[in-house]
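**Q**
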Amino acid sequence: MPGMDLKLPWVPSAPPEKQQLLTGRMAAVQQVKGITMQHSQAVTLGDSRAVSSTVKLYVWAAVILIIAESIGAISIPLGPGKVVLLPMVWALLIGAGIGLISRRVPGTIGLDYGDQMRSASILQPALLVFIAKLGMVVGGSLPVVFASGWALVFQEFGHFVGTVILGLPVALMLGIKREAIGATFSVGREPSLAIIGERYGMDSPEGRGVLAEYLTGTLFGALFIAIVAGFIASLGIFHPNSLAMGSGIGSGSMMAAAAGAIAAQQTPEVAKEVMALAAASNLITTTIGTYFTLFISLPLAVWGYRVLEPIIGRTTKASVLTSGPRHDDVQLEVRELGWPGKISAWLAAGALALIANYVGYKTLSSAAFGGVAIMILAVFIGEMLCVALRRKIPAVCTVSVVAMFMTSPLCPWAAQISQMVGAVNMLAVITPMLAFAGLSIAKDLPAFRLLGWRIVLVSFLANFGTFIGAVMIAEFFH
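Counting the sequence shown from 1 gives a position; this note's numbering is that position plus 851.
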């Protein structure tokens, strides 16, 4: 009735002040419910988008894989040696090409920036399947690894010193200043970015240098090292085991590319030794690499700059690299997948390896299915162990240890496991990894275009230096 105070039905005698308070609370609750519903809808939409993107990437990876394996290996004579383009190289190139033309492809099958980021996220757990395969090769070849002795130990110095010795003088002669420190003290993977970022800041000259190395390695590292390692192997100058140890540079995709290119030119028995030594070297580099770069190679690069810059340094337009990409121009952190995403990536990597094994090597036995299942099991156990250790030890290390145990003399089923895992060709496991790498390349090309050719050349020299430096030291001990 007019003039009568509005009463709440559940509080009929509430005073106006309390009614106003309760009404405000109800409005707040309704607002929270609305926000929660919107967030829930957004999460559902995001999950649906992620699933759609993942399925699309898996289909593209399978198509790329079949094409690459159908092309096979092609040898190109080059002077006294040859360049061998393996299916993994074709997979990388085709994947990159698809990413580049996606703007002209309908959205349902094209790959946008989000899809390319998703591919990079898939690559990280998928690589663990390859790491498991390598670990099982190492476990069955422990006598070969132990027999390498001091060569395997001291070649690590080549990995972390070769970048500086080869790259720094050239950088200074090209007129590059303090950017040369960041570009040549390592191969510029994620731990190196963290070291430079903490010491100098990513907007410093050193930060711009390591960012250039990171971009160059991300886009072209695997392709470059595969061609270079394969060509040097074809010359017959170095022992295959020395080349294998040089392949373990601390990057899973680059190690796979280099070791695969070397192993492809060897007999099956020697190829097995190559992969075992490459895996052992890469494990050492991954485990102690941060400490080597922090306490050995970075101080060496700083000292070398102070000594050599007044002697061979030049001043050119490359001396000011402020026009290059900034750290916020590049997506440095790849989003980590949750458990469903990781398991999906492991299963996809295993299935793609079986497809590559069939298309490229005309083999698809029941033992191969068992071998892939065992590799995925090793990855799962290794990932669980990594989580239990609060990720203080990288998953690459824990998966490697679990896989090595499975085929070592300590495991009672080592012989059976080795037989099943051996039914899956090593190169068939590598090709899917580089297909995912290729599909993620295009996202970084805009930032790469901002780099000058001088810093790119220096970055390639640093990548070559870490490989050839370790090879030469390992060869000395043979």
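Ideal Cβ placement from N, Cα and C applies to all residues, glycine included.
(1) Can you look up Ser1291 in the DSSP assignment and give me helix, strand or coil?
(2) Keeping to the same chain, check which residues put their C-beta closer than 7 Å to that of Val940; ignore five residues upstream and five downstream.
(3) Excluding the 5 residues flanking Gly1097 on each side, which residues of the same chain have their C-beta closer than 6 Å to its C-beta?
(4) Run through DSSP, which three-state label would Val1038 get?
(5) Measuring straight from C-alpha to C-alpha, what distance separates Glu1057 and Ser970?
(6) Ends of the alpha helix (DSSP H) at Gly946?
(7) Identify whether Gly1000 lies in helix, strand or coil by the three-state DSSP scheme.
(8) Go ahead and pull the three-state DSSP assignment for Val935.
(9) Have a look at Ser1195 and Ile1163 and give me their C-alpha separation to the nearest angstrom.
(10) Rounded C-beta distance between Gly1018 and Ala1034? I'm assuming under 8 Å.
(11) What does the alpha-carbon distance come out to for the pair Thr905 and Phe981?
(12) Which same chain residues end up closer than 6 Å to Thr1141 when comparing Cβ atoms and leaving out the 5 residues on each side of it in sequence?
(13) Residues bridged to Ser926 by DSSP?
(14) Could you compute how far the alpha carbon of Leu1236 sits from the alpha carbon of Glu1120?
(15) Which value, in whole angstroms, describes the spacing of the CA atoms of Tyr1065 and Leu979?
(16) With a CB to CB cut of under 6 Å and the five nearest residues on each side skipped, what residues in its chain are close to Glu1030?
(17) How big is the Cα-Cα spacing for His1090 and Glu1326?
(18) Can the beta-carbon of Ala1254 be found closer than 7 Å to that of Ala1063?
(19) For Arg1305, report the span of its alpha helix (DSSP H) as first-last.
(20) I need the straight-line Cα distance from Ala901 to Leu962, nearest angstrom please.
(21) Is Ser1148 near Phe1287, with beta carbons less than 7 Å apart?
(22) Within its chain, find whatever has a CB closer than 6 Å to the CB of Gly1222; leave out the 5 residues flanking it on each side and keep chain order.
(23) Can you tell which of Ser992, Ser903, Phe1231 and Ala913 has the C-alpha that lies nearest to the C-alpha of Met1126?
(24) Quick check on Ser1216: buried or exposed, where buried means 16 or more other Cβ atoms within 10 Å of its Cβ?
(25) For a test of the three-state rule: what should DSSP assign to Leu1172, helix, strand or coil?
(26) If we call anything under 7 Å between Cβ atoms a contact, is Val1021 one with Gly1068?
(27) If you compare alpha carbons, which of Pro994, Leu908 and Gly930 is closest to Gly965?
(28) Would you identify the three-state DSSP class for Glu920, choosing helix, strand or coil?
(29) Within the present structure, is the beta-carbon of Ile922 separated from the nearest heavy atom of the ligand ZN by less than 6 Å?
(30) Short of 8 Å in beta carbon distance, which residues of its chain neighbour Gly977, apart from the five on each side in sequence? Order them along the chain.
(31) From what residue to what residue does the alpha helix (DSSP H) around Pro1263 run?
(32) By Cβ distance below 8 Å, which residues in the same chain neighbour Ala1219 in space, the five residues on each side in sequence not counted?
(33) In angstroms with no decimal places, state the Cα-to-Cα distance between Met1105 and Gly1303.
(34) Measuring alpha carbon to alpha carbon, tell me which of Arg1040, Ala947, Leu1240 and Trp1190 ends up nearest Phe1011.
(35) Which residues in the same chain as Ala942 place their Cβ atom closer than 7 Å to its Cβ, once the five residues preceding and following it in sequence are excluded?
**A** With the given structure in hand:
(1) coil
(2) Leu1074 and Ala1077
(3) Phe1318, Ala1321 and Val1322
(4) coil
(5) Each residue's alpha carbon lies about 29 Å from the other.
(6) Pro938 to Ile952
(7) If DSSP states are grouped into helix, strand and coil, Gly1000 belongs with coil.
(8) strand
(9) Each residue's Cα considered, the two are about 53 Å apart.
(10) 7 Å
(11) 20 Å
(12) Pro1042
(13) Val935
(14) 32 Å
(15) 21 Å
(16) Pro1056, Arg1059, Gly1060 and Leu1172
(17) Whole-angstrom Cα-Cα distance: 7 Å.
(18) The answer is no: Cβ separation not under 7 Å.
(19) Trp1304 to Phe1327
(20) 13 Å
(21) no
(22) Met1271, Val1272, Ala1274 and Val1275
(23) Ser992
(24) exposed
(25) With a pLDDT of only 49 at Leu1172, under the threshold of 50, the placement of this residue in the model should not be trusted; the figure read from the coordinates follows. Looking at Leu1172 - three-state DSSP - the assignment turns out to be coil, as it is neither helix nor strand.
(26) no
(27) In terms of CA proximity to Gly965, Leu908 leads the group Pro994, Leu908 and Gly930.
(28) helix
(29) Here there are no bound small molecules, and the ligand ZN is not part of this structure.
(30) It should be noted that the sequence gives Ala, not Gly, for residue 977. So the qualifying residues of the chain are Ala1196, Trp1197, Ala1199, Ala1200, Pro1283, Met1284 and Phe1287.
(31) First-last for Pro1263: undefined, no H or E at that position.
(32) Cβ within range, chain order: Leu1205, Asn1208, Met1271, Ala1274 and Val1275.
(33) The alpha-carbon separation between Met1105 and Gly1303 amounts to approximately 23 Å.
(34) Arg1040
(35) Ile915, Leu916, Ala919, Thr1282, Leu1285, Ala1286 and Gly1289
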